[in-house]
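Taking the working numbering, the leading residue of the sequence shown gets 49, the next gets one more, and so forth.
Have a look at the structure below, then the notes.
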Amino acid sequence: MTSETGEATEAANQAAPAPQSDTWRRALATRRTQQADGQGVPGAQASRVDPDVSRRAFILGSFWTGLGVSLLGGVGIFLDFFYPRNVKGFGGPVPGGNLADFPKGSDPQHFLSGQFFLVNLDPSESRPGGSDGGDGLLALWHRCPHLGCTVPWRSGFNFEGDKGWFRCPCHGSTFTKAGVRVFGPAPRSMDTMKIDVDAAGNITVQTGTRTAGGPDNPTRAI
Ligand code: FES
């Protein structure tokens with residue numbers, strides 16, 4: 049009797065579907081709603097922003113912005129450091145004394161800090177190593193146009209029977225008192241610099257304003 053009752057109960061359980069809980073139904077309904085939304089609204093998924101992509105873009109943007117700012121700052125510091133201002137000595141204005149310090153026809157005077165000779169040419173000094181007919185102040189860069197040696201004025205140097213020349217110690221290029229080349233491998237005459245003279249006769253040589261030397265050096269005297 050008991051065995052028959054148990055078999056009947058088991059058969060009834062198999063025949064009847066298991067009861068579904070409310071929780072299970074709600075989950076199923078939610079799942080269907082999500083699927084329906086995805087199919088019914090094309091592009092709904094595409095419009096969603098991937099937080100990983102957004103974060104990556106932000107990090108990359110920050111990196112390149114920071115790099116650009118750093119580079120710009122570096123360029124600014126570089127330019128600020130190398131921009132010439134208030135240049136003193138060679139490359140800028142250099143005081144050259146007073147006109148009274150340079151009698152016409154006297155030997156050139158060397159200004160080492162400005163790398164130039166100042167000479168007051170006397171047109172009557174017609175010897176071969178003389179003024180070449182120039183009249184007035186002339187500033188000559190002491191750098192040899194050949195390979196850059198410093199060219200001294202040698203008042204006792206004798207060249208072709210005449211004393212007093214600029215004579216390069218390196219390869220023998222020789223120049224007159226007006227810096228005109230007469231001998232040696234130098235490709236041109238000595239370069240000249242711009243001269244300013246104020247009302248009181250004070251001389252300033254603009255060592256940064258140079259003109260390549262030429263046979264016309266004597267005409268550049270002021
Ligand atoms: S450097 Fe002056 S002659 Fe060569």
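Note that the Cβ used here is the ideal one computed from N, Cα and C, for glycine as well.
Given the structure is predicted, the values throughout are model-derived calculations rather than measurements.
Distance check for residue j and residue i, CA to CA, integer angstroms please.
i, j, result
"aspartate 244", "phenylalanine 126", "32 Å"
"alanine 105", "leucine 120", "22 Å"
"valine 228", "glycine 181", "11 Å"
"phenylalanine 129", "valine 123", "10 Å"
"threonine 198", "threonine 259", "17 Å"
"valine 101", "isoleucine 107", "10 Å"
"glycine 88", "leucine 115", "With a pLDDT of 48 at glycine 88, under the threshold of 50, the predicted position of this residue should be treated as unreliable, though the coordinate-derived value follows. Taking the straight line from one Cα to the other gives about 46 Å."
"proline 233", "alanine 226", "18 Å"
"serine 172", "proline 151", "13 Å"
"leucine 195", "glutamate 208", "24 Å"
"phenylalanine 231", "glycine 137", "30 Å"
"threonine 11", "arginine 103", "The question about residue 11 has no answer here: the residues shown for the chain are numbered 49 through 270."
Taking C-beta to C-beta, are residue i and residue j nearer than 8 Å?
i, j, result
"aspartate 170", "serine 161", "no"
"glutamine 163", "threonine 255", "yes"
"isoleucine 270", "glycine 184", "yes"
"leucine 147", "glycine 249", "yes"
"glycine 145", "proline 193", "no"
"threonine 252", "methionine 241", "no"
Within 10 angstroms of the Cβ of residue i, are there 16 or more other Cβ atoms? Answer buried if so, exposed if not.
i, result
"alanine 247", "exposed"
"tryptophan 201", "buried"
"aspartate 149", "exposed"
"phenylalanine 165", "buried"
"aspartate 239", "buried"
"threonine 224", "buried"
"phenylalanine 111", "exposed"
"valine 117", "exposed"
"arginine 215", "buried"
"serine 154", "exposed"
"glutamate 206", "The displayed chain sequence assigns asparagine, not glutamate, to residue 206. So asparagine 206 counts as exposed."
*Three or more C-beta pairs closer than 8 Å, one from the stretch 133 to 153 and one from the stretch 212 to 222: is that the case here?*
no
*Three or more beta-carbon pairs under 8 Å between the stretch 176 to 188 and the stretch 245 to 265, yes or no?*
yes
*Taking only runs that begin and end inside the stretch 144 to 192, name each unbroken alpha helix (DSSP H) of 4 or more residues, in chain order.*
List check, alpha helix (DSSP H) in window: nothing returned.
*Let me know the alpha helix (DSSP H) ranges lying completely inside the stretch 97 to 125, each 4 residues or longer, listed in chain order.*
Complete alpha helix (DSSP H) runs here, min 4: none at all.
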